[in-house]
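First up is the structure itself, then whatever we jot down about it.
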Amino acid sequence: MYHRPTRLRRRQRGRREARGEMVYDTEERGSISRSSSETDDLRPLKEARMVDEPRAKSKLARVLVHVGIIVFLLSILYGAYAATRNLRATKESAVKLVSNGTSLFAPTTLLISLDGFRADFLQRGLSPTLNAFVREGVSSLYMLPPFPSVTFVSHYTMATGLYPELHGIVGNSFWDPAMKDTFSYTDPKALKPEWWGGEPFWVTAEKQGIKTAIHMFPGSEAHIGNVDLAYVDKFNQTEALDNKVSRVLGWLDLPGPKSVETIKDAPRPQLIVAYVPDVDADGHAFGPNSTEVRDSIVKADDMLTKIFDGLKDRNLTDIVNVIIVSDHGMATTSVDRLIQLDDLVDMDKIEHTDGWPLYGLRPKKDADIEPIYHQLKAHAEENPYIEVYHKDKDMPAEYHFSNNPRIAPIWVVPQTGWAIVKKDEFNVEQAKNEGIVYSPRGLHGYDFRHPLMRAIFVARGPAFPHAPHSRIEAFPNINVYNIVCDSIGLKPVPNNGTVRLPLKPLGLHSDPHAPTLEVPEDLPEKGPGSVPTAPVSAKSSAISPTQSPTESPTQPPVPSPVVPEPKKDEDTKETEKPKSIWDWLKDSWDELKDKVEGIFKGEESSD
1 MYHRPTRLRR RQRGRREARG EMVYDTEERG SISRSSSETD DLRPLKEARM VDEPRAKSKL
61 ARVLVHVGII VFLLSILYGA YAATRNLRAT KESAVKLVSN GTSLFAPTTL LISLDGFRAD
121 FLQRGLSPTL NAFVREGVSS LYMLPPFPSV TFVSHYTMAT GLYPELHGIV GNSFWDPAMK
181 DTFSYTDPKA LKPEWWGGEP FWVTAEKQGI KTAIHMFPGS EAHIGNVDLA YVDKFNQTEA
241 LDNKVSRVLG WLDLPGPKSV ETIKDAPRPQ LIVAYVPDVD ADGHAFGPNS TEVRDSIVKA
301 DDMLTKIFDG LKDRNLTDIV NVIIVSDHGM ATTSVDRLIQ LDDLVDMDKI EHTDGWPLYG
361 LRPKKDADIE PIYHQLKAHA EENPYIEVYH KDKDMPAEYH FSNNPRIAPI WVVPQTGWAI
421 VKKDEFNVEQ AKNEGIVYSP RGLHGYDFRH PLMRAIFVAR GPAFPHAPHS RIEAFPNINV
481 YNIVCDSIGL KPVPNNGTVR LPLKPLGLHS DPHAPTLEVP EDLPEKGPGS VPTAPVSAKS
541 SAISPTQSPT ESPTQPPVPS PVVPEPKKDE DTKETEKPKS IWDWLKDSWD ELKDKVEGIF
601 KGEESSD
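Mapping the sequence shown onto the UniProt record's numbering, position 361 (from 1) lands on 361, and the numbers just tick up by one.
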C-alpha cells in the first residue's frame with residue numbers, strides 16, 4: 001500500500017488549521033461588529049431570557065420532585081397493600097378452628113326464631129327440650145320487642161340492631177310518601193331493597209367474609225345492600241318442621257374451610273338463621289290459649305330436640321353457638337273488644353291507614369291533621385281502651401316511633417287484647433247481632449312493655465362461657481344484632497344496641513330470691529275485660545329501651561334523625577379498634593394527593 005510521506009501530511013494539516021483560524025477570526029470579527037450595532041435592539045430579549053430560563057428550570061425541578069414523591073408514596077402504598085393482604089391471610093389462618101373429630105369448624109352460630117312464642121309459654125310444661133336448654137345456657141326472664149310488636153318490625157329490629165324509625169320497617173304494612181307506594185309484607189314488592197334500611201347481620205357477615213345461610217327470616221330475600229348471600233331460602237308457610245331440621249344440619253355437614261373436599265360454590269356457613277312461624281300462625285288462627293297452640297309448642301320443641309340431637313351426633317354441642325329467640329307474644333281477642341274506627345273519625349277524610357291492630361291515619365289534607373287529632377283525643381278521654389298519639393307531639397319517647405316520614409301523623413293504639421277495625425272489613429254491630437266470631441283469635445302489636453307481648457332469649461355455646469342456668473337482665477331486642485356479630489367475631493356496624501359479649505350474668509335462675517317470671521293474666525274469649533299494661537320494673541330496666549346506643553347507627557335510605565354520639569363506657573372502650581394500617585395509609589395518601597394538587601394549582605395561578 002502506498003503511504004504519503006509524513007512531512008507532506010504535516011504540511012497539509014498545517015494549512016487546514018491556518019485556514020480554520022482565519023475563518024474563525026473573520027466570523028468573530030463580524031459577530032463583534034454586528035453585536036455592537038444591535039445591542040440596543042437585543043437587550044430586552046436577553047433580559048426576558050434571563051428571567052424565563054430559571055423559572056422554567058425551577059418549575060421542572062418542582063414537577064420532578066412531586067413525581068418522585070408520588071412514585072415514593074405509591075411504592076409505600078403498594079407495600080402496605082401487600083402487607084395488608086398478608087395480614088388478612090394471617091388473620092384468616094389465626095381464626096381458631098375447633099375439630100369435632102372429623103372436620104374443623106370456625107366460630108359458628110345458629111339462630112332460631114320461634115315466631116309468637118310468648119315468654120310465659122315456657123311455664124306451660126310443653127317444651128322439655130327448650131326448658132332444658134334454659135337450664136344449660138344463659139337467658140333472660142324475657143326479651144322486649146320493639147313498638148309496634150309485629151313480626152316484620154321485630155325481626156328486622158333484631159337483624160339490624162336499629163329501632164324501627166331508623167331501619168324503616170315501621171309496620172307489617174305502611175305507606176311511604178316519598179316512594180308513593182304501600183309496603184305490605186305479603187306483597188312481592190316488599191322484597192325491593194329500597195324498603196329496607198340499615199344493615200342486617202347477614203349482610204355484615206358476608207361483607208366481612210363470613211358465609212351465611214338464612215332460612216325464611218323476614219327481609220333475607222330482599223337482596224339488601226346488593227350483597228349476595230351464600231344460601232337463602234324463600235318463605236314457605238306450610239314447610240314441615242322436619243325439613244327445617246334437615247336444612248340446618250345439612251349446612252353443618254358441608255365440608256369445612258380446611259377440608260380437601262371444600263366446594264368453592266358451596267362453602268359451609270358460619271351463620272345459620274332459621275325462622276319458625278308455626279306457633280304464631282296457630283296463635284292467630286285459634287288464640288294463644290287454644291289446643292292448637294299447645295300442639296304447635298310441642299311440635300316446635302320436638303324440632304329443637306332433633307336439632308340438638310343432630311348437634312350431639314356430630315359432636316358439635318360445645319362447638320356451635322345456639323341462640324333461640326322469639327319476636328313477640330300474643331293476646332286473646334274477642335268480638336266484645338273491638339272498636340269501630342268509622343265511629344271515631346270520618347273515613348272520607350283519610351287517604352291511607354297503616355298498621356293493625358293499631359291504626360296510623362294519614363288525612364288527605366294536611367290541614368285536617370290537627371282537627372282529626374283533637375277529635376280522636378276527645379274520644380280517647382271517654383274510651384279507656386284506646387290511646388291517641390300525634391307522632392310529633394305526644395308519641396311516647398320509649399316507643400322510638402316518631403322520626404320517620406313512613407310513620408303516619410296520627411295513631412290510635414288499643415289496649416292489649418283490643419282491636420281497631422274498619423267497617424268495610426268487619427262490622428262490629430252486625431257481628432254481635434249475628435254471633436260472628438272475630439278472627440284472628442290472637443293478636444300482637446301492642447305496647448311492647450305489656451307482659452303478654454314479651455319474647456324469649458336463650459343462648460348456649462363457646463361464645464357464652466357462663467355457668468349453666470345463668471340469668472341476665474331483661475333487654476330490648478335491638479341487642480340481638482350485636483350478640484350475633486360478637487359470637488362469630490364480626491365487627492358490628494353502628495346500631496342502637498348496648499349489650500355486647502361476654503354477657504354479664506346477675507346470677508343463676510335457681511338462686512334464692514332470684515326473680516321468677518309471673519304468668520300474665522290473659523283476656524277471656526268473651527266480654528270486654530282489660531289487662532292493664534305492666535311497665536318494666538325498676539330492677540329489670542337496667543338495660544332500658546331508651547338507653548343511648550354504643551355507636552351512632554348507620555342511617556337507612558329513608559330520612560331519619562341523627563342519633564347522638566354516646567358517652568364512652570367500658571364496653572365501648574373494649575370494642576373500639578384503631579384504624580388498620582391500610583386505612584391509615586389510604587387517608588394519608590388522600591391528604592397528600594390533595595396537597596400536591598393544591599401546589600400545582602397554586603403554581604398555575606402564580607404563572
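Heads up, the beta-carbon is just placed ideally off N, CA and C, and yes, glycines get one too.
Give me the Cβ distance between residue i and residue j, rounded to the nearest whole Å; I'm assuming they're in contact under 8 angstroms.
i, j, result
"Ile214", "Tyr231", "7 angstroms"
"Ala455", "Ser326", "4 angstroms"
"Val98", "Phe105", "5 angstroms"
"Phe147", "Phe457", "Actually they do not touch by this definition, with Cβ atoms about 18 angstroms apart."
"Trp418", "Lys391", "Rounded, the Cβ-Cβ distance is 21 angstroms, inconsistent with contact."
"Leu304", "Leu130", "6 angstroms"
"Ile339", "Phe133", "Not really, about 40 angstroms apart at Cβ, beyond 8 angstroms."
"Val248", "Leu111", "Incorrect: roughly 10 angstroms between the Cβ atoms, too far for contact."
"Ser113", "Phe217", "7 angstroms"
"Lys349", "Ile372", "7 angstroms"
"residue 608", "Gly527", "The chain is shown only over 1 to 607; residue 608 falls outside these bounds and no answer can be derived."
"Leu316", "Asn100", "6 angstroms"
"Ser173", "Tyr185", "7 angstroms"
Mind checking which residues open and close the beta strand (DSSP E) that includes residue i?
i, result
"Thr182", "Asp181 to Ser184"
"Phe174", "Ser173 to Asp176"
"Ile386", "Ile386 to His390"
"Ser259", "Careful: Ser259 lies outside any beta strand (DSSP E) and carries neither H nor E."
"Ile210", "That residue, Ile210, is in no beta strand (DSSP E); it is neither H nor E in DSSP."
"Arg471", "Ser470 to Ile472"
According to DSSP, simplified to helix, strand and coil, what is residue i?
i, result
"Thr151", "helix"
"Ser220", "helix"
"Phe235", "coil"
"Arg118", "coil"
"Leu241", "helix"
"Ala514", "coil"
"Glu576", "Here Glu576 scores only 38 on pLDDT, less than 50, and its place in the model is too uncertain to base an answer on."
"His215", "strand"
"Val276", "strand"
"Gly225", "helix"
"Ser246", "helix"
"Gly125", "coil"
"Pro363", "strand"
"Val98", "strand"
"Leu141", "coil"
"Arg62", "helix"
"residue 613", "Because residue 613 is not part of the residues shown, which for the chain are 1 to 607, the question remains open."
"Ala266", "strand"
"Leu111", "strand"
"Thr191", "Note that residue 191 is Leu in the sequence shown, not Thr. Three-state DSSP puts Leu191 in a helix."
"Leu523", "coil"
"Leu252", "helix"
In terms of residues, what are the limits of the alpha helix (DSSP H) holding residue i?
i, result
"Pro164", "Pro164 to His167"
"Phe133", "Pro128 to Glu136"
"Tyr373", "Ile369 to Glu382"
"Glu206", "Phe201 to Lys207"
Among the options, which residue has its Cα nearest to the Cα of residue i?
i, options, result
"Gly161", "Gly329, Thr129, Thr204 and Thr182", "Thr204"
"Asp318", "Phe464, Val248, Pro512 and Arg500", "Phe464"
"Ser296", "Lys258, Leu126, Val335 and Thr186", "Leu126"
"Glu136", "Thr498, Arg460, Pro476 and Asn482", "Arg460"
"Ala190", "Asp313, Gly171, Pro200 and Lys207", "Gly171"
"Val276", "Asp242, Arg62 and Pro384", "Asp242"
"Leu361", "Pro405, Trp196 and Met330", "Pro405"
"Ser103", "Leu376, Lys258, Phe448 and Phe201", "Lys258"
"Met453", "His328, His374, Asp302 and Val279", "His328"
"Gln375", "Asp342, Asn479 and Asp278", "Asp342"
"Pro363", "Ala408, Asp336, Lys377 and Pro384", "Ala408"
"Val484", "Ile307, Thr212 and Thr353", "Thr212"
Query raised in the report: In chain order, which alpha helix (DSSP H) runs of at least 4 residues are fully inside the stretch 474 to 505?
Result: 480 to 487
Query raised in the report: If you scan the stretch 395 to 461 from start to end, which runs of the alpha helix (DSSP H) of 4 or more residues do you find wholly inside it?
Result: 428 to 434
Requested in this report: Let me know the beta strand (DSSP E) ranges lying completely inside the stretch 282 to 358, each 3 residues or longer, listed in chain order.
Outcome: 320 to 325, 338 to 340 and 350 to 354
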